[in-house]
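Engineer: Residue numbers (full-length UniProt numbering): 1 to 141. Glycine is no exception: its CB is placed at the ideal position from the N, C-alpha and C atoms.
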Amino acid sequence: MSNRTPATQYAALPFRLRNGRPEILLVTSRETKRWIIPKGWAEEGVKPCDMAAREAYEEAGVRGTVDHRPFGNFRYMKRLSTNKSVLCAVTVFLLEVDEMLDEWPEKGQRERRWLTPSQAALAVGESGLVEMLLRLGIPPD
Numbered sequence: 001m002s003n004r005t006p007a008t009q010y011a012a013l014p015f016r017l018r019n020g021r022p023e024i025l026l027v028t029s030r031e032t033k034r035w036i037i038p039k040g041w042a043e044e045g046v047k048p049c050d051m052a053a054r055e056a057y058e059e060a061g062v063r064g065t066v067d068h069r070p071f072g073n074f075r076y077m078k079r080l081s082t083n084k085s086v087l088c089a090v091t092v093f094l095l096e097v098d099e100m101l102d103e104w105p106e107k108g109q110r111e112r113r114w115l116t117p118s119q120a121a122l123a124v125g126e127s128g129l130v131e132m133l134l135r136l137g138i139p140p141d
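Right, here's the structure in full:
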């Protein structure tokens with residue numbers, strides 16, 4: 001592991017309430033077909049929460065209300081090629097889904113699935129993301 005600064009990514013955590021309980025929308029990664037949340041590289045001039053919302057549209061085909069405050073952060077190793085990876089620091093924004101589209105930019109490249117927070121936590125591989133998913137499943141006091 002190097003001491004280099006991690007690359008910055010912004011992610012959406014798409015959710016909806018069903019009978020008062022949250023459900024999480026996960027998508028598969030293009031290469032390895034692992035279950036992930038929509039995320040992408042930071043872009044100059046694009047607010048982090050707007051970037052997260054754009055990734056949710058492009059990767060998962062959903063639109064909704066994005067929270068402007070980060071919900072959490074996690075780090076992971078992104079595989080760029082067979083023998084090259086980069087450490088990424090991901091800031092996650094909640095996105096309450098208002099609309100699921102039938103057509104979206106990456107439809108043919110990914111699957112999407114609604115899961116309970118605990119099911120989603122079992123499906124993803126990044127430990128920091130697991131904690132956030134489980135936190136979403138805890139009812140407020």
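For Gly64, count neighbouring C-beta atoms within 10 Å of its own C-beta (all shown protein chains included) and say buried if the count is 16 or more, exposed if not.
Structural biologist: It counts as buried.
Engineer: Drop a sphere of 10 angstroms on the beta-carbon of Asp141, count the other beta-carbons inside from all chains shown, and report buried for 16 or more, exposed for fewer.
Structural biologist: Reliability of the predicted coordinates at Asp141 is poor, the pLDDT of 49 falling under 50, and no value is obtained from them.
Engineer: Can you give the Cα-Cα distance for Gly125 and Arg18, rounded to whole angstroms?
Structural biologist: Their Cα atoms are separated by approximately 25 Å.
Engineer: Taking 8 Å as the cut-off, does the stretch 13-31 touch the stretch 109-125 (at least 3 CB pairs, one atom from each stretch)?
Structural biologist: Output reads yes: the stretch 13-31 touches the stretch 109-125.
Engineer: Name the DSSP bridge partner or partners of Gly40?
Structural biologist: According to DSSP, Gly40 bridges with Tyr10.
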